[in-house]
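Visitor: Chain order of the listed sequences is A and B. Counting from 124, one number per residue, gives the positions in the first sequence under our numbering. Counting from 3, one number per residue, gives the positions in the second sequence under our numbering.
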Amino acid sequence: MQNGTTAALDKRMTIDEIVGSLRDGMTIGIGGWATRRKPMALVRAIARSNLKDLTIVSYGGPDVGILAATGKLKKLIFAFVSLDHYPLEPHFRAARQAGKLEVLELDEGMLHWGLRAAAMKMPFLPTRIGIGTDLVKQPELSKRVKSPFEDGEEFVAMPALRLDAALLHVHRADERGNVLTLSPDPFFDELCARAADVTYVTAEKVVPTAALDLPANGRYNLVERALITGVAEQPFGAHPTSAAPDYQLDLKHIKTYTESAASPEAWDAYRTSFINVDEAGYLAAVGGAQAVSALPKPIY
Amino acid sequence: MSETSYSLAELLIVAAAEAWRHDGEIMGTGIGPLPRLAAGLAKKTFNPALATSDGECWYTTEPMPSGMRGDQVELEGWMPYDRVFSSLWSGKRHAMVAPVQMDRFGQANISVIGDHAKPKAAMLGARGFPGNSIHHPNSFFFPQHSTRAFVAGEVDFVCSCGYNPARYPGGKFPAGLDLRIIVTDLGVLDFGGKDRAIRVKSLHPGISFEQVQDNTGFALERPESIPTTPAPTAEQLALIAALDPKGVRKTVIKGDPAGDRR
């Protein structure tokens, strides 16, 4: 999307500018895993926007629930949607049980495989996963490939999961798009970025390049900057999910969130307090910076 | 040890630990409180080489006691999800999982009850079941053995594959498919029957074959003689207590009943 001579190296954007660059009907990959390092500030901004008919690819948590409950989803490509300590995601369940959500249900590793195929510009990658199960009754997984070698084994052709955009939350970034994810598990965020035409990140802090201390932190450098299109500084941008070591999962808020599915009134109240507010208002509503920074490490 | 009293949960932990006895140095994953304690017990007794995790992304040198956080124990290896998949695809893992439904083929479901397009109950999604079941050994845990769990026909959505020849080219089971034991509140079952049929391997003290059959939606294979599930030893009970200082095991089965129901 950028040519070599004019590529902007100051990639700073606001959250609203990022969401403003997304279009109806896009396929969007969301990074993180269940209740860990989800770009929730971006998810809330999408929930407030006029965007519609999105296809979301996610190791799902409250990101999927909020987008389902605010009517943004046309289709979901997933292996699970869970709030970890509260295993069942109530808004996802409601959307599934209403029968209005198109789905492609995958195995966790298969989702990774589809992103990897897209990252490698392959139309598919072969896998054994799905054989013998009902996953392969879905039309997207109906193709088989046979090993050209002596074994002749038959595999499922896992189609590439190409993303129009990827949304990730990172701990540190510079304005050029060099990023660090400091939590112990990077999940599949790198593959999301590689599978996507454009990748936007929110970062806890945007710092000068030298402050990233890449000689010490190289292992946390998720992906090369050429893949990062835009960077928005958004402290606590993953809340209520965790961005350890900066802050932990907010189990109390996750409980409040699950209770919001109890009735339309409860959902309206949640939406008013925690979604239809700007990020400063959100942080105040969930107890403020100090309280979030002091959250205890959860037990898994 | 006939004097020692033990709870049903403790009996199930001891029975479930057997899943990993001969596995050696592989990743042992128990999903849910009792299977997790069982993997810990296996590691503390007959399989010290078993690699168990903190439930997040680290291996720990000692099994994680329930209610403890990963930063309160010694970590011995990094296990992010990418590495979990690499490991499980190579077959070097044995998981014990707790499905919602299972059928006579050992096919299991955690995705939906009812129709996939408009489920009566949407649950988790297939998670890692499809990949686990075709690549590495799997065992199963059911705290409530009933005809709702062990269903007639096939499960509503087959998440993990089983010994159903109709689902494979030429009826040939995949090389990595290896279903081991099923631990329930009534007994221990395995796949050692004719054509990998499910059979009763042991009955918990005070439980009859008829009780197990009546609570199962398909015919179980009945060996000529069925042993009683061994009671926990005093040593095993002490280890379980140490692995579960907060007593999470007492909250899994309603009323925390005694293990000997004679």
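Each residue gets a CB set at the ideal place from its N, CA and C atoms; glycine is no exception. Treat the numbers as computed from the prediction; the structure is a model and nothing was measured.
On the DSSP letters alone, give me the boundaries of the beta strand (DSSP E) that residue 328/A sits inside.
Guide: Unbroken beta strand (DSSP E) run through residue 328/A: 319-329.
Visitor: Do you know how far the Cα of residue 183/B is from the Cα of residue 139/A?
Guide: Cα to Cα, residue 139/A sits roughly 53 Å from residue 183/B.
Visitor: Mind listing the chain B neighbours of residue 202/A? Cutoff is C-beta to C-beta under 8 Å, in chain order.
Guide: Residues of chain B passing the Cβ test: 127, 128, 129, 130.
Visitor: By Cβ distance, which residues of its chain are closer than 7 Å to residue 314/A, with the 5 residues on each side in sequence left out?
Guide: Answer for residue 314/A: 235, 238, 239, 242, listed in chain order.
Visitor: Pick out the complete alpha helix (DSSP H) segments inside the region 195-245 of chain B, 4 residues or longer, and give them in chain order.
Guide: Whole alpha helix (DSSP H) segments, 4+ residues: 211-216, 236-245.
Visitor: Comparing C-alpha positions only, which one of 36/B, 229/B, 107/B, 188/B sits nearest to residue 246/B?
Guide: Closest by alpha carbon: 36/B.
Visitor: Decide yes or no for the touch test of the region 94-109 of chain B against the region 149-160 of chain B: beta carbon pairs closer than 8 Å, at least 3 of them.
Guide: Yes, the region 94-109 of chain B touches the region 149-160 of chain B.
Visitor: Could you give the C-beta distance for residue 352/A and residue 323/A, rounded to a whole number, given that I count them as a contact under 8 Å?
Guide: Contact holds; Cβ gap of about 6 Å.
Visitor: Any idea if residue 29/B is buried or exposed, counting beta-carbon neighbours within 10 angstroms, 16 or more meaning buried?
Guide: Answer is buried; the Cβ neighbour count reaches 16.
Visitor: If you draw a straight line from the C-alpha of residue 316/A to the C-alpha of residue 349/A, how long is it?
Guide: Spanning the two alpha carbons is a distance of roughly 10 Å.
Visitor: Please report the straight-line C-alpha distance between residue 227/B and residue 23/B, rounded to a whole angstrom.
Guide: Taking the straight line from one Cα to the other gives about 23 Å.
Visitor: Hey, residue 180/A and residue 291/A: beta-carbon distance below 7 Å or not?
Guide: Cβ distance not < 7 Å, so residue 180/A and residue 291/A don't count as in contact.
Visitor: Report back the beta-carbon spacing between residue 225/A and residue 183/A to the nearest angstrom; my notes put them in contact at under 8 Å.
Guide: Incorrect: roughly 15 Å between the Cβ atoms, too far for contact.
Visitor: Please compile the residues from chain A whose C-beta is within a distance smaller than 8 Å of the C-beta of residue 150/B.
Guide: By Cβ distance, chain A contributes nothing, its closest Cβ being about 17 Å from residue 150/B, past 8 Å.
Visitor: Does the region 162-176 of chain A come close enough to the region 185-205 of chain A to have 3 or more Cβ pairs within less than 8 Å?
Guide: With the cut-off at 8 Å, the region 162-176 of chain A and the region 185-205 of chain A touch.
Visitor: Give a yes or no on whether the minimum CB-CB distance between residue 58/B and chain A is below 7 Å.
Guide: Closer than 7 Å to some Cβ of chain A, the Cβ of residue 58/B qualifies, so yes.
Visitor: Pull out every residue of the region 58-91 of chain B whose Cβ sits closer than 8 Å to any Cβ of chain A, in chain order.
Guide: Cβ contacts with chain A: 58, 59, 60, 69, 70, 71, 72, 73, 80, 82, 83, 84, 87, 90, 91.
Visitor: Answer yes or no: do residue 306/A and residue 370/A have a C-beta to C-beta separation smaller than 7 Å?
Guide: Not a contact, by the Cβ cut-off of 7 Å.
Visitor: Taking the alpha carbon of residue 223/B as the point to measure from, which residue in 6/B, 201/B, 48/B, 238/B has its own alpha carbon closest?
Guide: With distances taken between Cα atoms, residue 223/B lies closest to 201/B.
Visitor: Does the separation of the CB atoms of residue 134/B and residue 110/B fall below 7 Å?
Guide: No, the Cβ-Cβ distance between residue 134/B and residue 110/B is not below 7 Å.
Visitor: At 4 residues or longer, and completely inside the region 323-383 of chain A: list those alpha helix (DSSP H) runs for me, N to C.
Guide: The region 323-383 of chain A contains these whole alpha helix (DSSP H) runs: 337-340, 374-382.
Visitor: So, does the CB of residue 184/B fall closer than 7 Å to a CB anywhere in chain A?
Guide: No, no contact with chain A.
Visitor: For chain A, check one thing: does any of its Cβ atoms lie closer than 7 Å to the Cβ of residue 142/B?
Guide: Judged by the 7 Å Cβ criterion, residue 142/B is not in contact with chain A.
Visitor: Using a Cβ-Cβ cutoff of less than 6 Å, which residues in the same chain neighbour residue 215/A once the five nearest sequence positions on both sides are dropped?
Guide: Contacts found: 187, 188, 191, 204.
Visitor: In whole angstroms, give me the CA-to-CA distance for residue 75/B and residue 309/A.
Guide: Cα to Cα, the separation comes out at about 22 Å.
Visitor: Locate the beta strand (DSSP E) running through residue 24/B, then write down its first and last residues.
Guide: Note, residue 24/B: premise wrong, no beta strand (DSSP E); not H, not E.
Visitor: Who are the Cβ neighbours of residue 34/B in its own chain at under 6 Å, not counting the five residues just before and after it?
Guide: Result list for residue 34/B: 100, in chain order.
Visitor: Determine, for residue 383/A, whether the minimum Cβ-Cβ distance to residues of chain B falls below 7 Å.
Guide: It does not; no Cβ of chain B falls within 7 Å.
Visitor: Please check if any C-beta of chain B sits within less than 7 Å of the C-beta of residue 343/A.
Guide: Cβ-Cβ to chain B under 7 Å: no for residue 343/A.
Visitor: To which residues of the same chain is residue 268/A closer than 7 Å at the C-beta, ignoring the five residues directly before and after it?
Guide: Result list for residue 268/A: 249, 278, 280, in chain order.
Visitor: Which residues in the same chain have their Cβ closer than 7 Å to the Cβ of residue 137/A, if we skip the five residues on either side of it in sequence?
Guide: Answer for residue 137/A: 355, listed in chain order.
Visitor: Between which two residues does the beta strand (DSSP E) harbouring residue 181/A extend?
Guide: Note, residue 181/A: beta strand (DSSP E), 177-183.
Visitor: Going by DSSP, name the residue or residues bridged to residue 45/B.
Guide: Bridge partners of residue 45/B: none, in fact.
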